[in-house]
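Some notes on the structure that comes next.
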Amino acid sequence: MAKEKQEEAPKGSPAWMATFSDLMNLLLCFFVLLFSMSTVDAQKFEQIVASFKNNFSVLSASGNTVGDGVLISSGISVMEQFDEYFNTAYDVEGSEDGEIGSEGASESDMANQLAEQYSDEAISEAFNEQGLKESERMAQEIESLAEKFGIRQQMEVTFNGEYVEITLNGALLFDSGEAVVSPEGTALMDKLGGIIDNFGSNIVEVEGHTDNVPIHSAKFEDNEALSMYRAMFVAKYFRDITSVPDANIKSSGRGEFCPIADNTTVDGRAKNRRVEIKIYNSFNSKNAESR
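Just so we're aligned: the sequence shown equals residues 434 to 724 in the numbering used here.
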(Lines of atoms letter the chains of each structure in order from A and count residues from 1; the text may use other names and numbers.)
(Lines give C-alpha, C1' and ligand atoms only; values in the text may rest on other atoms or scores of the structure.)
Protein backbone atom coordinates (compact mmCIF):
# COMPACT_ATOMS: atom_id res chain seq x y z
CA MET A 1 0.00 0.00 0.00
CA ALA A 2 1.43 3.41 -1.01
CA LYS A 3 2.28 5.92 1.70
CA GLU A 4 0.34 9.20 1.86
CA LYS A 5 2.33 12.08 0.48
CA GLN A 6 3.17 14.66 3.17
CA GLU A 7 2.31 18.30 2.54
CA GLU A 8 5.26 20.60 1.91
CA ALA A 9 6.00 23.20 4.62
CA PRO A 10 5.18 26.80 3.60
CA LYS A 11 8.10 28.82 2.36
CA GLY A 12 9.65 31.57 4.54
CA SER A 13 10.06 31.86 8.29
CA PRO A 14 7.86 29.83 10.58
CA ALA A 15 4.71 31.59 11.77
CA TRP A 16 5.80 31.42 15.40
CA MET A 17 8.74 33.79 14.66
CA ALA A 18 6.36 36.71 14.01
CA THR A 19 4.80 36.22 17.45
CA PHE A 20 8.24 35.88 19.01
CA SER A 21 9.44 39.13 17.34
CA ASP A 22 6.36 40.98 18.62
CA LEU A 23 7.11 39.70 22.11
CA MET A 24 10.70 40.93 21.95
CA ASN A 25 9.57 44.39 20.78
CA LEU A 26 7.08 44.59 23.61
CA LEU A 27 9.76 43.64 26.13
CA LEU A 28 12.10 46.30 24.73
CA CYS A 29 9.38 48.95 24.98
CA PHE A 30 8.64 47.81 28.52
CA PHE A 31 12.24 48.23 29.68
CA VAL A 32 12.55 51.59 27.90
CA LEU A 33 9.42 52.71 29.76
CA LEU A 34 10.87 51.55 33.06
CA PHE A 35 14.09 53.43 32.37
CA SER A 36 12.24 56.62 31.47
CA MET A 37 10.29 56.42 34.75
CA SER A 38 13.37 55.90 36.90
CA THR A 39 13.88 58.20 39.88
CA VAL A 40 15.72 61.52 39.21
CA ASP A 41 18.68 62.18 41.48
CA ALA A 42 17.70 65.48 43.13
CA GLN A 43 21.27 66.46 43.94
CA LYS A 44 22.43 65.94 40.36
CA PHE A 45 19.41 67.82 39.06
CA GLU A 46 20.25 70.81 41.30
CA GLN A 47 23.81 70.75 40.02
CA ILE A 48 22.56 70.88 36.44
CA VAL A 49 20.25 73.81 37.23
CA ALA A 50 23.08 75.66 39.00
CA SER A 51 25.36 75.12 36.02
CA PHE A 52 22.81 76.76 33.73
CA LYS A 53 23.05 79.88 35.88
CA ASN A 54 26.69 80.36 34.95
CA ASN A 55 27.53 83.00 32.38
CA PHE A 56 27.72 80.49 29.57
CA SER A 57 25.72 77.63 31.08
CA VAL A 58 28.52 75.08 30.82
CA LEU A 59 27.49 71.67 32.14
CA SER A 60 30.29 70.36 34.37
CA ALA A 61 31.78 66.96 33.65
CA SER A 62 29.22 66.19 30.96
CA GLY A 63 30.14 68.36 27.97
CA ASN A 64 32.21 66.20 25.72
CA THR A 65 31.86 67.43 22.15
CA VAL A 66 32.94 70.78 20.75
CA GLY A 67 32.56 71.78 17.13
CA ASP A 68 32.05 75.00 15.20
CA GLY A 69 31.88 76.98 18.40
CA VAL A 70 29.21 74.78 20.03
CA LEU A 71 29.65 72.67 23.15
CA ILE A 72 27.14 69.82 23.19
CA SER A 73 26.16 68.02 26.36
CA SER A 74 23.22 65.62 26.48
CA GLY A 75 22.00 67.11 23.22
CA ILE A 76 21.95 70.70 24.49
CA SER A 77 23.94 73.59 23.01
CA VAL A 78 25.35 75.41 26.01
CA MET A 79 28.20 77.68 24.94
CA GLU A 80 28.34 79.12 21.47
CA GLN A 81 31.60 81.01 21.83
CA PHE A 82 33.73 78.32 23.45
CA ASP A 83 35.95 77.86 20.39
CA GLU A 84 36.18 81.60 19.83
CA TYR A 85 37.64 82.19 23.28
CA PHE A 86 40.25 79.43 23.10
CA ASN A 87 41.30 80.34 19.58
CA THR A 88 42.11 83.80 20.93
CA ALA A 89 43.53 82.89 24.31
CA TYR A 90 45.62 79.91 23.17
CA ASP A 91 47.78 79.00 20.21
CA VAL A 92 45.83 76.58 17.97
CA GLU A 93 48.92 74.39 17.69
CA GLY A 94 49.06 74.02 21.46
CA SER A 95 48.48 75.65 24.80
CA GLU A 96 50.49 78.51 26.23
CA ASP A 97 52.93 76.06 27.79
CA GLY A 98 52.91 73.71 24.77
CA GLU A 99 51.45 70.75 26.70
CA ILE A 100 48.07 70.70 25.00
CA GLY A 101 47.47 70.09 21.31
CA SER A 102 49.56 68.72 18.52
CA GLU A 103 50.51 69.64 15.01
CA GLY A 104 47.59 69.20 12.64
CA ALA A 105 45.00 69.11 15.41
CA SER A 106 41.71 70.82 14.55
CA GLU A 107 40.38 73.77 16.51
CA SER A 108 37.48 71.64 17.75
CA ASP A 109 39.92 69.01 19.04
CA MET A 110 41.89 71.73 20.81
CA ALA A 111 38.80 73.14 22.50
CA ASN A 112 37.74 69.61 23.41
CA GLN A 113 41.06 68.87 25.12
CA LEU A 114 41.04 72.15 26.98
CA ALA A 115 37.43 71.69 28.10
CA GLU A 116 38.41 68.44 29.79
CA GLN A 117 41.17 70.13 31.80
CA TYR A 118 39.43 73.32 32.94
CA SER A 119 36.42 73.70 35.20
CA ASP A 120 33.33 75.67 34.17
CA GLU A 121 34.26 78.48 36.55
CA ALA A 122 37.79 78.71 35.16
CA ILE A 123 36.51 78.80 31.58
CA SER A 124 33.93 81.48 32.39
CA GLU A 125 36.46 83.56 34.33
CA ALA A 126 39.04 83.33 31.56
CA PHE A 127 36.43 84.24 28.94
CA ASN A 128 35.31 87.26 30.95
CA GLU A 129 38.92 88.31 31.45
CA GLN A 130 39.55 88.25 27.70
CA GLY A 131 36.36 90.26 27.12
CA LEU A 132 37.37 92.79 29.76
CA LYS A 133 40.78 93.28 28.17
CA GLU A 134 39.23 93.88 24.76
CA SER A 135 36.63 96.28 26.20
CA GLU A 136 39.39 98.24 27.93
CA ARG A 137 41.31 98.52 24.67
CA MET A 138 38.15 99.65 22.87
CA ALA A 139 37.42 102.24 25.58
CA GLN A 140 40.91 103.70 25.23
CA GLU A 141 40.48 103.90 21.45
CA ILE A 142 37.08 105.59 21.82
CA GLU A 143 38.45 108.15 24.29
CA SER A 144 41.37 108.87 21.98
CA LEU A 145 39.04 109.43 19.01
CA ALA A 146 36.74 111.59 21.14
CA GLU A 147 39.70 113.77 22.09
CA LYS A 148 40.64 114.03 18.42
CA PHE A 149 37.10 115.11 17.48
CA GLY A 150 36.86 117.51 20.42
CA ILE A 151 33.86 115.83 22.09
CA ARG A 152 35.54 114.03 24.99
CA GLN A 153 34.00 116.38 27.58
CA GLN A 154 30.50 115.77 26.23
CA MET A 155 30.42 112.05 26.97
CA GLU A 156 31.12 109.55 29.71
CA VAL A 157 32.92 106.35 28.72
CA THR A 158 32.75 103.21 30.87
CA PHE A 159 33.32 99.53 30.10
CA ASN A 160 32.84 96.02 31.43
CA GLY A 161 33.48 92.48 30.19
CA GLU A 162 30.70 92.76 27.59
CA TYR A 163 30.77 96.24 26.08
CA VAL A 164 31.95 99.84 26.15
CA GLU A 165 29.22 102.30 27.08
CA ILE A 166 29.08 105.90 25.86
CA THR A 167 26.64 108.01 27.91
CA LEU A 168 25.35 111.32 26.57
CA ASN A 169 23.16 113.87 28.34
CA GLY A 170 19.83 113.96 26.53
CA ALA A 171 19.87 117.76 26.44
CA LEU A 172 22.90 117.62 24.13
CA LEU A 173 20.87 115.86 21.44
CA PHE A 174 17.18 116.66 21.94
CA ASP A 175 15.00 119.59 22.83
CA SER A 176 12.52 118.99 25.63
CA GLY A 177 9.77 116.57 24.61
CA GLU A 178 11.23 116.00 21.14
CA ALA A 179 12.50 112.80 19.50
CA VAL A 180 14.36 114.44 16.59
CA VAL A 181 17.98 115.43 17.15
CA SER A 182 18.38 119.19 17.42
CA PRO A 183 20.62 121.12 14.97
CA GLU A 184 23.21 121.49 17.73
CA GLY A 185 23.09 117.74 18.41
CA THR A 186 23.59 116.85 14.75
CA ALA A 187 27.24 117.91 14.81
CA LEU A 188 27.82 115.73 17.87
CA MET A 189 26.09 112.79 16.19
CA ASP A 190 28.28 113.12 13.11
CA LYS A 191 31.41 112.88 15.23
CA LEU A 192 30.01 109.94 17.20
CA GLY A 193 29.34 108.23 13.88
CA GLY A 194 33.01 108.66 13.02
CA ILE A 195 33.89 106.82 16.25
CA ILE A 196 31.37 104.00 15.76
CA ASP A 197 32.60 103.48 12.18
CA ASN A 198 35.77 101.99 13.66
CA PHE A 199 33.79 99.06 15.11
CA GLY A 200 31.87 97.90 12.05
CA SER A 201 31.85 94.21 12.99
CA ASN A 202 30.54 94.82 16.52
CA ILE A 203 26.95 95.04 17.73
CA VAL A 204 25.88 98.58 18.71
CA GLU A 205 22.89 99.12 21.00
CA VAL A 206 21.30 102.54 21.48
CA GLU A 207 19.19 102.99 24.62
CA GLY A 208 16.97 105.97 25.39
CA HIS A 209 16.23 107.00 28.99
CA THR A 210 14.08 109.68 30.64
CA ASP A 211 13.33 111.02 34.10
CA ASN A 212 10.09 110.15 35.91
CA VAL A 213 8.24 113.40 35.22
CA PRO A 214 5.08 112.47 33.27
CA ILE A 215 5.11 113.74 29.70
CA HIS A 216 2.18 115.79 28.37
CA SER A 217 2.34 115.57 24.59
CA ALA A 218 0.09 114.65 21.72
CA LYS A 219 3.05 112.90 20.06
CA PHE A 220 4.01 110.49 22.82
CA GLU A 221 1.74 108.68 25.23
CA ASP A 222 4.38 108.34 27.95
CA ASN A 223 8.10 108.54 28.74
CA GLU A 224 8.76 105.03 27.49
CA ALA A 225 7.42 105.92 24.04
CA LEU A 226 9.51 109.11 23.99
CA SER A 227 12.69 107.24 24.92
CA MET A 228 11.98 104.56 22.29
CA TYR A 229 11.55 107.09 19.49
CA ARG A 230 14.69 108.94 20.54
CA ALA A 231 16.72 105.72 20.48
CA MET A 232 15.23 104.78 17.11
CA PHE A 233 16.16 108.17 15.64
CA VAL A 234 19.76 107.90 16.86
CA ALA A 235 20.08 104.31 15.57
CA LYS A 236 18.69 105.26 12.15
CA TYR A 237 21.02 108.26 11.98
CA PHE A 238 24.03 106.00 12.61
CA ARG A 239 22.83 103.57 9.94
CA ASP A 240 22.69 106.45 7.47
CA ILE A 241 26.11 107.95 8.17
CA THR A 242 28.27 104.94 9.05
CA SER A 243 29.36 101.79 7.25
CA VAL A 244 28.24 99.59 10.16
CA PRO A 245 25.78 96.93 8.85
CA ASP A 246 22.20 97.96 9.54
CA ALA A 247 21.51 94.69 11.38
CA ASN A 248 24.35 95.44 13.81
CA ILE A 249 22.69 98.62 15.13
CA LYS A 250 19.83 98.05 17.56
CA SER A 251 17.68 100.40 19.63
CA SER A 252 15.41 100.28 22.65
CA GLY A 253 13.57 102.69 24.93
CA ARG A 254 13.80 102.23 28.69
CA GLY A 255 11.78 105.25 29.74
CA GLU A 256 12.08 106.12 33.43
CA PHE A 257 12.70 102.57 34.60
CA CYS A 258 16.53 102.56 34.76
CA PRO A 259 17.51 105.73 36.65
CA ILE A 260 21.15 106.40 37.51
CA ALA A 261 20.43 109.35 39.80
CA ASP A 262 17.79 110.64 42.22
CA ASN A 263 14.70 111.82 40.35
CA THR A 264 13.70 114.08 43.25
CA THR A 265 16.43 116.61 42.38
CA VAL A 266 16.90 118.76 39.29
CA ASP A 267 20.45 117.50 38.75
CA GLY A 268 19.34 113.90 39.20
CA ARG A 269 16.56 114.20 36.64
CA ALA A 270 18.99 115.82 34.18
CA LYS A 271 21.35 112.84 34.54
CA ASN A 272 18.52 110.38 33.99
CA ARG A 273 17.55 112.05 30.71
CA ARG A 274 20.27 110.39 28.67
CA VAL A 275 21.20 108.29 25.66
CA GLU A 276 23.47 105.28 26.13
CA ILE A 277 25.42 103.74 23.24
CA LYS A 278 26.78 100.26 23.98
CA ILE A 279 29.44 98.86 21.65
CA TYR A 280 29.87 95.14 22.38
CA ASN A 281 33.29 93.54 22.15
CA SER A 282 33.88 90.67 19.72
CA PHE A 283 33.44 88.04 22.44
CA ASN A 284 29.90 89.19 23.23
CA SER A 285 28.62 90.62 19.95
CA LYS A 286 27.14 87.25 18.98
CA ASN A 287 25.23 87.08 22.27
CA ALA A 288 23.91 90.61 21.79
CA GLU A 289 22.90 89.82 18.22
CA SER A 290 20.66 86.95 19.36
CA ARG A 291 18.76 89.04 21.88
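For every residue, glycine included, the Cβ atom is placed at its ideal position computed from N, Cα and C.
Taking 9 Å as the threshold (C-beta atoms), are residue j and residue i in contact?
| i | j | result |
| --- | --- | --- |
| V646 | N602 | no |
| I746 | G618 | The structure shown does not extend to residue 746, since the chain is modelled only from 434 through 724, so no value can be given for it. |
| N714 | G583 | no |
| E598 | F592 | yes |
| R687 | E640 | yes |
| G594 | N717 | yes |
| E402 | E657 | Since the displayed the chain opens at 434 and closes at 724, residue 402 lies outside it and no answer follows. |
| R585 | E574 | no |
What does a CB cutoff of less than 8 Å around residue i pick up in its chain, not counting 5 residues either side in sequence?
| i | result |
| --- | --- |
| R702 | D644, N645, V646, A694, N696 |
| N458 | none |
Is it buried or exposed for residue i, if we count other Cβ within 10 angstroms and need 16 for buried?
| i | result |
| --- | --- |
| S510 | With a pLDDT of 42 at S510, under the threshold of 50, the modelled position of this residue cannot be trusted, and the question is left open. |
| G633 | exposed |
| V614 | buried |
| A668 | buried |
| K704 | buried |
| I648 | buried |
| S446 | exposed |
| S454 | exposed |
| N635 | buried |
By alpha-carbon positions, which one of the options ends up nearest to residue i?
| i | options | result |
| --- | --- | --- |
| S568 | K719, N720, I712 | I712 |
| I738 | Y662, F671, V614 | Here the chain covers residues 434 to 724 and nothing more, so residue 738 does not appear. |
| A604 | M622, L460, E576, K719 | M622 |
| M571 | G610, S446, N631 | N631 |
| R706 | N717, F716, P692, S718 | P692 |
| V677 | K566, I710, V637 | V637 |
| A651 | S685, F690, H642, G610 | G610 |
| E580 | T452, K624, L467 | K624 |
Short of 7 Å in beta carbon distance, which residues of its chain neighbour residue i, apart from the five on each side in sequence? Order them along the chain.
| i | result |
| --- | --- |
| A612 | L659, Y662, R663, F666 |
Below 6 Å CB to CB, which residues in the same chain sit around residue i once its five sequence neighbours on both sides are set aside?
| i | result |
| --- | --- |
| E589 | T600 |
| L578 | I628 |
| I682 | V637, A668, F671, R672 |
| S684 | V639, A664, M665, A668 |
Handout entry: Secondary structure, beta strand (DSSP E): runs of 3+ residues fully inside the region 569 to 635
Key = 589 to 592, 596 to 602
Problem - beta strand (DSSP E) runs contained entirely in the region 669 to 711, provided each spans 3 or more residues - result: 682 to 688
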